[in-house]
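Engineer:
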Amino acid sequence: MMDVFEFDKCLLDRLEESMNVLSWKDEIIPASQVRSEWSYYIELQIEPAGWQALWRIPRVICEELHVRYPTVVFGYVEQVLFKELKAIFIVQEVQDENVHLPERHEVYLEDMWPTKQQENSELNIERTADCIDSLRFFYTHVWMSWDNDNDDDMNWVEKHLESRIRFCYDLRKRTMKKTLLAHIRKLLAESKYLQRRREYLELGLTDEDEGDLEKTMEKTEVTDLMRLHLRLAMIRNEIDLLENPEMRRIYQEIKFPEDKYFKNIENADKVNKKKIEQIFFVMMPFTLDQQTEFLQICKQSVPKTALVQNVPSLQDVLSTCSVYDCIYLSPGQHTVKFLENMHDGGKISGIQVAKGNFKKSLDASSNENVIISSSDDESILFVFDGSFVLENIVIDCRNVCSGILIKCGTVCLRNCLIIGDGKTSTQQGIICNTGASVTLEECTVQDFATGITVMDDATLQLNNSKVINCKVGIDLTIHAKSHFNQSKIINSHLNGINAVTMFNEQHEKSRYTTLYRFNEWKDHFNTSPPFFGECDLKNCKSNIYVLNMKRLLVSRSTFNIFRDGESTIRNSSVNYYADTINYI
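Put into structure tokens, the structure is as follows:
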């Protein structure tokens, strides 16, 4: 098995290593010169060829190659392209046998992690890994997508280097409000992804016949490219403002004010000597009789002592209120932007007009379904870091890369439909992070590349629920547990259940094993399975697909690093989310 190098560096270390690259001479270094300085530096520091590494394919490239995300590849560097900060990478082994890739790729150096074990022991691989780590940190957290467009009369290093690194560590230390932190992460993630998309589109346009400009300009790629440029310009204006701590404080006060609802709730609590529940209603335009009917339905479950308030939109209450007990949504389409401010112990409940009237389909009338969707192309729809309940809702994830991320705590979904676009190879429905748990009761998850991902030591409970039309229904990593109760996984194009294990050599010699039924696990491996209960698997290419990490070239610690998507700033609560927000 192969481990990769990890580096834990403080702010001053990061600042010093970048200054060593970019400020070794008393000259103005404009933005256009920064890449050249890094090129000169790595040419002196890293091995030019012959070293082995792991390449975690970025999300945008997974989309282009039509492979699942994340996908980890082992191989060796045939040649380093110093000027381009890339390498010619030869694929030797792929994590998933269902993935078939070309042998040779041109790969960004920051997307590779050199392995500690090398066939050529004469290589100075630790220095190479440290240099790539510095490069990765710089181009992931310091360099912005629009910096190439900066004026060359400006000293980029003097203006941006220290402030950007401090900005990065401010985000890590969480010195700002949660809502602002989520907003900044979303902007940075979006800019990284848009830049990658822009590079691919521009590369395609340069291959066209320059003489046939009219024909070229008619293509949708040009329209998409213009949209990318405009959106990046908008993000740049915001981030330039937010880099400054004082401006960031003012921005926070204006855009994310203190709770504007129930301002006197603390005093009321003291007078009554007990907690007063805070209930919000979000009502779409309906007739007065319909509004009255909705309120009568909610009245059955709202305590008489609860404080109730109408709000204009779901986004409004989630963005401005840090404490609430329940948010009731009337039928219709409720749109939100990327959200991380989900109150621990909160609940969002769709109002059902009549018992059993909820139809788990986006085609159902808006008079029947409560639908939550993203108002724009986002990285993720909901992020939970505590206990929460969602019920009677259609969660439309067609515009996002991932639907729901549970960082910690327990999230329960009741009578919900979570639906993806059914097209991309990378979209994920629900991601349950290390140590967290998720329960689905009478729910349907459909049309994702991966329906539900359950990380190390996390737990999934599936009660009377279905996972339909996903490439992989449920992905269980090491020590994850899944409990089934009369549930179904139907029409998985690849595997109904992916299970990652760490069997000892004497238990299992092969890397991959396919099983048809749950009860075959113990007979085959002589160990307890990671899943229990009743689950009907129908029309899946493989019902249960078992990947033995002991037989792979990567270790469990390496696998977790690539799940984290972050080796330069470690944060055990991030995992998949790190990549979701960084698109590494």
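In our numbering, the protein residues as written are 2 to 585.
No residue lacks a Cβ here, since even glycine has one placed at the ideal position from N, Cα and C.
Compute the Euclidean distance between the alpha carbons of I431 and K489, then round it to the nearest angstrom.
Structural biologist: Here residue 431 corresponds to residue number 430 of the sequence shown, with the count starting at 1. Here residue 489 corresponds to residue number 488 of the sequence shown, with the count starting at 1. Taking the straight line from one Cα to the other gives about 16 Å.
Engineer: Taking DSSP as the reference, what is the three-state secondary structure of E392?
Structural biologist: Position 391 of the sequence shown, counted from the start, is the residue given in the question as residue 392. The answer is strand: DSSP assigns E392 an E or B state.
Engineer: What number of angstroms, rounded off, separates the C-alpha of L202 from the C-alpha of A54?
Structural biologist: The count along the sequence shown starts at 1 and reaches residue 202 at position 201. The count along the sequence shown starts at 1 and reaches residue 54 at position 53. Rounded to the nearest angstrom, the two C-alpha atoms are 28 Å apart.
Engineer: Hey, how far is the Cα of S33 from the Cα of K87?
Structural biologist: Numbered from its first residue, the sequence shown carries residue 33 at position 32. Numbered from its first residue, the sequence shown carries residue 87 at position 86. Approximately 18 Å between the Cα atoms of the pair.
Engineer: What residue does the beta strand (DSSP E) around W144 start on, and which one ends it?
Structural biologist: The sequence position of residue 144 within the sequence shown is 143, counting from 1. It is not in any beta strand (DSSP E) - W144 carries neither H nor E in the DSSP assignment.
Engineer: Comparing the C-beta of F383 with each C-beta of chain B, is any distance below 7 Å?
Structural biologist: Among the chains in the structure shown there is no chain B, since it carries only a single protein chain.
Engineer: Name the DSSP bridge partner or partners of C444?
Structural biologist: Looking up residue 444 in the sequence shown gives position 443. None; C444 has no bridge partner.
Engineer: Report yes or no: do the stretch 429–444 and the stretch 220–234 share at least 3 C-beta pairs separated by less than 8 Å?
Structural biologist: Three or more beta-carbon pairs separated by less than 8 Å are not found between the stretch 429–444 and the stretch 220–234, which leaves the two stretches without contact.
Engineer: For H230, does the count of other Cβ atoms within 10 angstroms reach 16, so buried, or fall short, so exposed?
Structural biologist: Numbered from 1 along the sequence shown, position 229 holds the residue referred to as residue 230. In summary, H230 is exposed, with fewer than 16 beta-carbon neighbours lying within 10 Å of its beta-carbon over all protein chains present.
Engineer: Could you check the C-alpha separation between P258 and T321 for me, to the nearest Å?
Structural biologist: Residue numbering aside, residue 258 sits at position 257 when the sequence shown is read from its first letter. Residue numbering aside, residue 321 sits at position 320 when the sequence shown is read from its first letter. Each residue's alpha carbon lies about 7 Å from the other.
Engineer: Taking DSSP as the reference, what is the three-state secondary structure of V547?
Structural biologist: Mapped onto the sequence shown, residue 547 falls at position 546. Strand at V547.
Engineer: Roughly how many angstroms separate the alpha carbons of I582 and I47, rounded to a whole number?
Structural biologist: Locating residue 582 in the sequence shown gives position 581, counting from the first residue. Locating residue 47 in the sequence shown gives position 46, counting from the first residue. Confidence is the limiting factor: at I582 the pLDDT is only 34, short of 50, which leaves the residue's position unreliable and the question unanswerable from this model.
Engineer: Which of the three DSSP states, helix, strand or coil, is assigned to Y513?
Structural biologist: Mapped onto the sequence shown, residue 513 falls at position 512. In the structure shown, Y513 sits in a strand (DSSP, three-state: E or B).
Engineer: Residue range of the beta strand (DSSP E) that F75 falls in?
Structural biologist: Taking the sequence shown and counting its residues from 1, the one referred to as residue 75 is at position 74. Where F75 is concerned, the enclosing beta strand (DSSP E) stretches over 73–82.
Engineer: Based on the DSSP secondary-structure assignment, which residues constitute the bridge partners of E94?
Structural biologist: Translated into the one-based positions of the sequence shown, residue 94 becomes position 93. For E94, the beta-bridge partners assigned by DSSP are F75.
Engineer: Alpha carbon to alpha carbon, how far is R228 from K174?
Structural biologist: Start at 1 with the first residue of the sequence shown, and residue 228 comes out as number 227. Start at 1 with the first residue of the sequence shown, and residue 174 comes out as number 173. So the alpha carbons of these two residues sit roughly 33 Å apart.
Engineer: Please classify Y77: is it buried, with 16 or more other beta-carbons within 10 angstroms of its beta-carbon, or exposed?
Structural biologist: In the sequence shown, the residue the question calls residue 77 occupies position 76. Flag for Y77 reads buried.
Engineer: Grouping DSSP H, G and I as helix and E and B as strand, with all else coil, what is N561?
Structural biologist: Stepping through the sequence shown from its first residue, residue 561 is reached at position 560. Caution is warranted here: a pLDDT of 46 is assigned to N561, below 50, making its placement in the model unreliable, and the coordinate value is therefore given only provisionally. Helix, per DSSP.
Engineer: Kindly indicate which residue of S331, D326, Y252, F281 has the alpha-carbon position closest to the one of Q291.
Structural biologist: Position 290 of the sequence shown holds residue 291. Closest by alpha carbon: S331.
Engineer: Would you identify the three-state DSSP class for W52, choosing helix, strand or coil?
Structural biologist: Sequence index remark: in the sequence shown, residue 52 carries index 51 (1-based). Residue state, collapsed to three classes: coil.
Engineer: Among I89, F168, N370, G347, whose alpha-carbon lies nearest the alpha-carbon of N393?
Structural biologist: The count along the sequence shown starts at 1 and reaches residue 393 at position 392. Answer by Cα proximity: N370.
Engineer: Report all residues from its chain with a CB closer than 8 Å to the CB of I298; omit the five preceding and five following residues, and keep chain order.
Structural biologist: Against the sequence shown, residue 298 aligns to sequence position 297. Within the same chain, I298 has close Cβ partners I352, Q353, V354.
Engineer: Beta-carbon within less than 6 Å of A269's beta-carbon, same chain only, minus the 5 sequence neighbours each way: which residues are those?
Structural biologist: Working through the sequence shown from its first residue, we reach residue 269 at position 268. Only weak support exists for where A269 lies, its pLDDT of 49 falling under 50; the value from the coordinates is given anyway. The answer, listed in chain order, is I277.
Engineer: Would you mind working out which of V108, S438, K472, R57 sits nearest Q80, comparing C-alpha positions?
Structural biologist: Taking the first residue of the sequence shown as 1, we reach residue 80 at position 79. Of the candidates V108, S438, K472, R57, the one whose C-alpha sits nearest the C-alpha of Q80 is V108.
Engineer: Spatial neighbours of I133 within its chain, please: C-beta separation below 6 Å, excluding the five flanking residues on both sides.
Structural biologist: Here the question's residue 133 lines up with position 132 in the sequence shown. Around I133: L110.
Engineer: Return the chain-ordered ranges of every alpha helix (DSSP H) run that is complete within the stretch 229–264 and spans a minimum of 4 residues.
Structural biologist: 246–256
Engineer: Applying the 10 Å Cβ sphere with the 16-neighbour rule, what's the burial state of A450?
Structural biologist: Position 449 of the sequence shown, counted from the first residue, corresponds to residue 450. When all chains shown are included, A450 counts as buried.
Engineer: State the Cα-Cα distance for the pair Y70 and P286, rounded to the nearest angstrom.
Structural biologist: Start at 1 with the first residue of the sequence shown, and residue 70 comes out as number 69. Start at 1 with the first residue of the sequence shown, and residue 286 comes out as number 285. Rounded to the nearest angstrom, the two C-alpha atoms are 40 Å apart.
Engineer: Name the one or two DSSP bridge partners that K10 has.
Structural biologist: Against the sequence shown, residue 10 aligns to sequence position 9. K10 is not bridged to any residue.
Engineer: Give me, in chain order, the residues of the same chain whose beta-carbon lies closer than 6 Å to that of K274; leave out the 5 immediate sequence neighbours on both sides.
Structural biologist: Counting from 1 along the sequence shown, the entry for residue 274 is found at position 273. Low local confidence applies: a pLDDT of 46 at K274 is under 50, so the model's placement there is unreliable, with the coordinate-based value given in what follows. Its chain contains no residue whose beta carbon lies nearer than 6 Å to that of K274 once the 5 sequence neighbours on both sides are disregarded.
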